[in-house]
Amino acid sequence: MMEMLRITGLHKRFGDKTVLNRLDLTVPEHSVFGFIGKNGAGKTTTMKTVLGLLKSDTGEIFVNGEQVVYGETVTNRHIGYLPDVPEFYPFMTAPEYLRFCGEITGMQKTDIANRSKELLELVGLEGERHRIQGFSRGMKQRLGIAQALLNRPKLLICDEPTSALDPVGRKEILDILQTVRTQTTVLFSTHILSDVERICTDVAFLDQGTVRVQGKLADIRTKYRREEYILETEREADALRLRTAFPAIRAEGPNRLIFCESGKNAVFDVLRFVTEQRIPLLKMERAEPSLESLFLEVLEQ
Amino acid sequence: MNAQIAFLRKEIMEQTRSGRLMLLGVLFALFGIMNPAVAKLTPWLLEIMSDTLAGNGMIVTTVTVSAMDSWVQFFKNIPMALIAFVLTESSIFTKEYQSGTLVLSLTKGLHRDAVLRAKTTVLVVLWTLCYWGCFGITYVYNAYFWDNAVAKNLLFSVVCWWLFGLWTVALMVLFSVVTGTNTGVLLGTGGVVFVSYLLGILPEIKVYVPTQLTDGNALIYGTAGTGDYTAALIAAVVLSAACFAVSVPVFRKKQL
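Pasting the structure below:
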């Protein structure tokens, strides 16, 4: 499968802070690629460097086989970009803005008109005749997707498209991204792991400027698959006692605990403790490990 | 080329819909009307005040005004109009940096030079229209009330002032690409003009600095000849060209 984006040895410092540390990343064509990392992990810096908006200290970036050069925008004709908080010219209406975008991309007049209509319908802004200055955050995000997809880009880059939205807005954006995956390769950064689980085919975990793990979501799940147990105690005090006795146990609620089987028969040790201490349980369940557990485990390694 | 035209159209739309075009139009028209109006009203004002002035021992005789008084007013008022122009348009670049609107256009493959050309064109055309509009209004009123022929070197003197404004626009563009904030643009532009003004106080340097071009009164009264302005004219043209030329590579590599 062809690589839509390839980054090798990307390094970037801001003053004495290393933001990207020899970062390598490969995004295969027609994937929905989740770029996962905590706030400040370097996600936005990576994306802005791919767009030629930031100068890297070292490293190479190829978009659809063409090298990205800082300050030049030639490779951006392959890319549709949606920033985390997209800002548009407030004095324009949504169709006017799309027309402007189409013209600066060099699209034909009729193509702009047809594509604008199609995309405004896709993002649910077809009847909107007000100027952008009156748009809500969710509406701006939806217009952001429409402008990003206007010239049928081969790569759609979305920087945390859902993090600033309410649950309804989030669902709308994810549904749209899911719909467009047939047309383009999607790279989106996020720290909301449930979003990744919903729509991604591939993922990369970014931590302290380095990609720790990347690959097909299914492969990563298999590789890091470990038994995970959920335990619910009747009393909160008992949950606390268990966590004190077994520091590897994580709390997910006041009396809801999660732990992994790490090859040392942890489950039997926990059960022995429960029996000896006569701790009343509400529930004990063996579960499929969540992406969050995987992420935390990768970070711990 | 289409991208260039589209961006230029967007700039014009912004000037119109944000009300800046209207604001500058009204302002420069008012300045244009004010110059002959003040000249026309001077005898009347002195007549009203004649009693008070007589009490202070000053006798007001018949005051005659001519187009010259109106042109003196023109050169007195046009600096204020230029300041208003700079204040209104100083955010033409920086607003886009701060809001992030430019980033989206650039990520669509729009060349940075096209942005620079479009914004510079808008500033130059806007200054030219406003300035010559203001001049035209004053000229027509003066011709109606008096005779413009009394002012010597009139066309040359106003071309000099227009060129001074153009140099200011070039400074605005340069400081817009060098600094990222509105304050930076205002301080940079104001600072350079102020330094030029200070240098102009020194008699040996006076004729070489662009601020010399603002001394229109000396030209219309005939106390200075057009030859006294040649060096300053060349300086303004060269410096403006240098500002525009330096802005191109700086803007290409500007971190947004």
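Respectively, the protein sequence lines represent chains A and B. If you read the first sequence in the working numbering, its first letter stands for residue 698, the second for the next number, and so on. If you read the second sequence in the working numbering, its first letter stands for residue 2, the second for the next number, and so on. Using N, Cα and C, we set each Cβ at its ideal position, and we do this for glycine too.
Q | Complete runs of the alpha helix (DSSP H) confined to the region 80-165 of chain B [at least 4 residues] | A | 95-100, 102-107, 113-146
(Q) If you reduce the DSSP assignment to three classes, tell me which class P977 of chain A lands in. (A) Within the first sequence, residue 977 of chain A is the residue found at index 280, counting from 1. Residue state, collapsed to three classes: coil.
Q: Using three-state DSSP, classify M779 of chain A as helix, strand or coil.
A: Sequence index remark: in the first sequence, residue 779 of chain A carries index 82 (1-based). Reading off the sequence shown, one finds Leu at residue 779 of chain A, where the question assumed Met. It is a strand residue.
Q: Would you list the residues sitting across from L649 of chain A in a DSSP beta bridge?
A: Only positions 698 to 998 of chain A appear in this structure, which leaves residue 649 of chain A out of reach.
Q: Say whether chain A places a C-beta atom closer than 7 Å to the C-beta of A4 of chain B.
A: Here residue 4 of chain B refers to the residue found at position 3 of the second sequence. A4 of chain B counts as touching chain A.
Q. Can you list, in chain order, the residues of its chain whose CB lies under 6 Å from that of C855 of chain A, leaving out five sequence neighbours each side?
A. Here residue 855 of chain A corresponds to residue number 158 of the first sequence, with the count starting at 1. So the qualifying residues of the chain are L779, F885.
Q | Spatial neighbours of A40 of chain B in its chain, beta-carbon cut-off 7 Å, leaving aside the 5 residues before and after | A | Residue numbering aside, residue 40 of chain B sits at position 39 when the second sequence is read from its first letter. Here the set comprises V66, D70, S71, Q74.
Q) Any beta-carbon of chain B closer than 7 Å to the one on R774 of chain A? A) As a first step, residue 774 of chain A is located in the first sequence; it is residue number 77 there, counting from the start. Answer yes: the Cβ-Cβ gap between R774 of chain A and chain B drops below 7 Å somewhere.
Q) When the distance is taken between beta carbons, is A171 of chain B closer than 7 Å to S92 of chain B? A) Residue mapping note: residue 92 of chain B aligns to position 91 of the second sequence, counting from 1. Residue mapping note: residue 171 of chain B aligns to position 170 of the second sequence, counting from 1. No. Outside cutoff.
Q: Can you have a look at T224 of chain B and say buried or exposed, based on whether 16 or more other CB atoms are within 10 angstroms of its CB?
A: On the second sequence, residue 224 of chain B is found 223 positions in, with the first residue counted as 1. It counts as exposed.
Q | Neighbour-count burial assignment, T190 of chain B, 16 or more Cβ in a 10 Å radius | A | On the second sequence, position 189 is the one that residue 190 of chain B refers to. The residue in question, T190 of chain B, is buried, as its Cβ has 16 or more Cβ neighbours within 10 Å.
**Q.** Sheet register partners of R983 of chain A (DSSP bridge)
**A.** Your numbering for residue 983 of chain A matches position 286 in the first sequence. Answer by DSSP bridge pairing, in chain order: A:Y926.
Q) Which value, in whole angstroms, describes the spacing of the CA atoms of T802 of chain A and L88 of chain B? A) Translated into the one-based positions of the first sequence, residue 802 of chain A becomes position 105. Translated into the one-based positions of the second sequence, residue 88 of chain B becomes position 87. Approximately 32 Å, taken between the alpha carbons.
Q: Closer than 7 Å, Cβ to Cβ, to anything on chain A: give me those residues from the region 50-84 of chain B, in chain order.
A: none
Q | Other residues of its chain near V64 of chain B: CB distance less than 6 Å, five sequence neighbours each side excluded | A | Along the second sequence, read from residue 1 onward, the residue named residue 64 of chain B stands at position 63. Counting only Cβ-Cβ distances below 6 Å, and skipping sequence neighbours, we find P44, L47.
Q. Roughly how far, in whole angstroms, is the beta-carbon of S248 of chain B from the beta-carbon of V193 of chain B, given that I think they are within contact range, below 8 Å?
A. As a working note, residue 248 of chain B is residue 247 in the second sequence. As a working note, residue 193 of chain B is residue 192 in the second sequence. Not a contact, Cβ separation roughly 14 Å.
Q) Would you say T102 of chain B reaches chain A, if we count a Cβ-Cβ gap shorter than 7 Å as a contact? A) Position 101 of the second sequence, counting from 1, holds the residue named residue 102 of chain B. Yes, its Cβ sits closer than 7 Å to a Cβ of chain A.
Q. Since E757 of chain A sits in a beta bridge, which residues does DSSP pair it with?
A. Residue 757 of chain A sits at position 60 when you count from the first residue of the first sequence. Bridge partners of E757 of chain A: A:T705.
**Q.** DSSP state of S860 of chain A mapped onto helix, strand, coil
**A.** Here residue 860 of chain A refers to the residue found at position 163 of the first sequence. Looking at S860 of chain A - three-state DSSP - the assignment turns out to be coil, as it is neither helix nor strand.
Q | Residue closest to A4 of chain B, alpha-carbon to alpha-carbon, out of B:S106, B:A144, B:F146, B:D148 | A | In the second sequence, residue 4 of chain B corresponds to position 3, counting from 1. Measuring from the Cα of A4 of chain B, the nearest candidate turns out to be B:S106.
Q | Residues, ordered as in the chain, of the region 801-816 of chain A that lie near chain B by beta-carbon distance below 8 Å | A | I801, T802, G803
Q: Compare the C-beta of L214 of chain B with all C-beta atoms of chain A and state if any pair is closer than 7 Å.
A: Within the second sequence, numbered from 1, the residue matching residue 214 of chain B stands at position 213. It does not; no Cβ of chain A falls within 7 Å.
Q. If we call anything under 7 Å between Cβ atoms a contact, is S197 of chain B one with V186 of chain B?
A. Position 196 of the second sequence, counting from 1, holds the residue named residue 197 of chain B. Position 185 of the second sequence, counting from 1, holds the residue named residue 186 of chain B. Their beta carbons are not under 7 Å apart, which means S197 of chain B does not touch V186 of chain B by this criterion.
Q: Just mark P951 of chain A as buried or exposed, buried being the case when its beta carbon has 16 or more other beta carbons within 10 Å.
A: For the purposes of this step, residue 951 of chain A is identified with residue 254 of the first sequence, where counting begins at 1. Under this definition P951 of chain A is an exposed residue.
**Q.** Collapsed DSSP secondary structure at C244 of chain B in the structure displayed
**A.** Position 243 of the second sequence, counted from the start, is the residue given in the question as residue 244 of chain B. Here C244 of chain B sits in helix by DSSP.
Q | Backbone secondary structure at L257 of chain B - three-state DSSP | A | Position 256 of the second sequence, counting from 1, holds the residue named residue 257 of chain B. Looking at L257 of chain B - three-state DSSP - the assignment turns out to be coil, as it is neither helix nor strand.
**Q.** Partner residues on chain A for K207 of chain B, Cβ-Cβ distance less than 8 Å
**A.** Translated into positions along the second sequence, residue 207 of chain B becomes position 206. Residues of chain A passing the Cβ test: none, with the nearest at roughly 41 Å.
Q: Name the residue from A:G734, A:G739, A:G749, A:D754 whose alpha carbon lies nearest to the alpha carbon of H112 of chain B.
A: For the purposes of this step, residue 112 of chain B is identified with residue 111 of the second sequence, where counting begins at 1. Closest by alpha carbon: A:G749.
Q. Is the beta carbon of G739 of chain A sitting closer than 7 Å to the one on V716 of chain A?
A. For the purposes of this step, residue 739 of chain A is taken as the residue at position 42 of the first sequence. For the purposes of this step, residue 716 of chain A is taken as the residue at position 19 of the first sequence. Yes, the Cβ-Cβ distance between G739 of chain A and V716 of chain A is below 7 Å.
Q | Proximal residues of chain A, C-beta to C-beta of A7 of chain B below 8 Å | A | In the second sequence, the residue the question calls residue 7 of chain B occupies position 6. Here the neighbours are F797, E800, I801.
Q) From I870 of chain A to E823 of chain A, what does the alpha carbon distance come to, in whole angstroms? A) If you number the first sequence from 1, residue 870 of chain A lands on position 173. If you number the first sequence from 1, residue 823 of chain A lands on position 126. Cα-Cα distance, rounded: 16 Å.
Q) Can you name the start and end residues of the alpha helix (DSSP H) that S51 of chain B belongs to? A) Taking the second sequence and counting its residues from 1, the one referred to as residue 51 of chain B is at position 50. Note, S51 of chain B: alpha helix (DSSP H), 21-56.
Q | For S67 of chain B, three-class secondary structure by DSSP | A | By 1-based counting over the second sequence, the position of residue 67 of chain B is 66. Note: S67 of chain B maps to coil in three-state DSSP.
Q.
Looking only at its chain, what residues have a beta carbon closer than 7 Å to the beta carbon of K920 of chain A, apart from the 5 residues adjacent to it on each side?
A. Mapped onto the first sequence, residue 920 of chain A falls at position 223. Here the set comprises nothing.
Q: Identify the contact partners of P780 of chain A in chain B, using a Cβ-Cβ distance below 8 Å as the criterion.
A: Within the first sequence, the letter at position 83 stands for residue 780 of chain A. Those within 8 Å of P780 of chain A in chain B are G101, V104, L105.
Q. Within the 7 Å Cβ cut-off, does E12 of chain B reach chain A?
A. Counted from its first residue, the second sequence places residue 12 of chain B at position 11. No, because no Cβ of chain A sits closer than 7 Å to the Cβ of E12 of chain B.
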